[in-house]
Amino acid sequence: MQIVKEAIEYHIPHIPTTILMVLIVWGVILVLSVFAVRKISIVPKGLQNFLDMVFEWVFNLADTIIGDEAKRFYPLFLGIFLFIFVSNILGIIPGMISPTANLNIPVALALIVFIYYNLQGLVKYKFAYIKKFIVPGLPLWMMPVNILIFFIELISQFVRPFSLSLRLFCNVFAKETLLSVLGVLVITFFSLPGLFKSIAIMPLFLRPVIILLAILVGFVQAMIFLILSIIYVGGAVKSEH
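For the sequence shown, our numbering gives the first residue as 2, with consecutive numbering after it.
As structure tokens, this is what we get:
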């Protein structure tokens, strides 16, 4: 293994480190799910109670934005939130890397959401789905305005995956970098002789604060990605223009 800052490069044949971290994230989610339902009860407690609150929060958020149709998309929204949140905070464990700090993972998630909600819109409305990109009811002589609006909406649709992925990637990557720098500073200063060790107190005390901030940032970024995904799906399947 080669240590790069705090992260560890796991040289497993045919398995890149990022993919390994993704598998670990899904493993964590699977283990938590198994433990939550192992002693399931009508009155939830412990881990079951915590996951119940998370599920209810995600479902209520989807119901508020989309309405009655939201139930069909519960698995997507719940999977997105849990995966991104666990991925974001995985990097605070020494030796681990947040998969979302690799641009490929946020891009893949954003493309999944982008393709999914457009397919849902096409399945539900067929070719009438294109009407969501124009202003209905305009007179024929204002056709150029509708054409301009159509292209503007089309561009905005293709910008969505980039904004979704870059927002998530930049925040998580900044968190990973900051934690790594603080870790390297602590190790470096403690390896120096004499009074220089006292300087290590600052990064040593800053590190727990940054970890708490990293957890908060991980939750906020997962929530933003979730809310935008719900809005995009809702905009594609809701009957209202």
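Virtual Cβ for every residue (Gly too), placed ideally from N, Cα, C.
Bear in mind that the values here come from a model prediction, so they are computed numbers and not experimental data.
N172 and W142 have their alpha carbons spaced roughly 47 Å apart. By the 16-neighbour rule on beta-carbons within 10 angstroms, A223 is buried.
In this structure, DSSP gives G122 a helical state, which the three-state scheme calls helix. For T178, the number of other beta carbons within 10 angstroms of its own is below 16, and it is reported as exposed. Judged by beta-carbon spacing, A129 lies beyond the 8 Å limit of I231, meaning their Cβ atoms are not closer than that value. With fewer than 16 other Cβ atoms inside 10 Å of its own Cβ, M54 counts as exposed.
When the Cα atoms are used, P17 and G96 turn out to be separated by approximately 15 Å. For G47, DSSP records no beta bridge to any residue. In the assembly as shown, F51 is an exposed residue. Its beta-carbon has fewer than 16 other beta-carbons within 10 Å.
Residue state for I94 is assigned as coil, using DSSP reduced to three classes.
When secondary structure is reduced to three states using DSSP, I156 falls in the helix class. In the DSSP annotation of this structure, the continuous segment of the alpha helix (DSSP H) that includes I20 starts and ends at 18-39.
Using a Cβ-Cβ distance cut-off of 8 Å, the segment 96-112 and the segment 150-168 are in contact, since at least three pairs of beta carbons, one from each stretch, lie closer than that value. In the three-state reduction of the DSSP assignment, G68 falls in the coil class, being assigned neither a helical nor a strand state. Counting every other CB atom within 10 Å of its CB across the protein chains shown gives I85 a total of 16 or more, marking it as buried.
The beta carbon of F74 is closer than 6 Å to those of V234 in its chain, skipping five residues each way along the sequence. Taking the Cα positions, K40 is about 34 Å away from V114.
CA-CA distance, G236 to F82, rounds to 19 Å. Distance between F174 and K239, taken at the CA atoms: about 35 Å. Here the alpha carbons of V32 and V221 stand approximately 24 Å from one another. Excluding its 5 nearest sequence neighbours in each direction, F152 has no C-beta neighbour in its own chain below 6 Å.
Contact between V26 and L91 holds, with the beta-carbon distance rounding to 6 Å and staying under 8 Å.
The DSSP-derived three-state label of P14 is coil.
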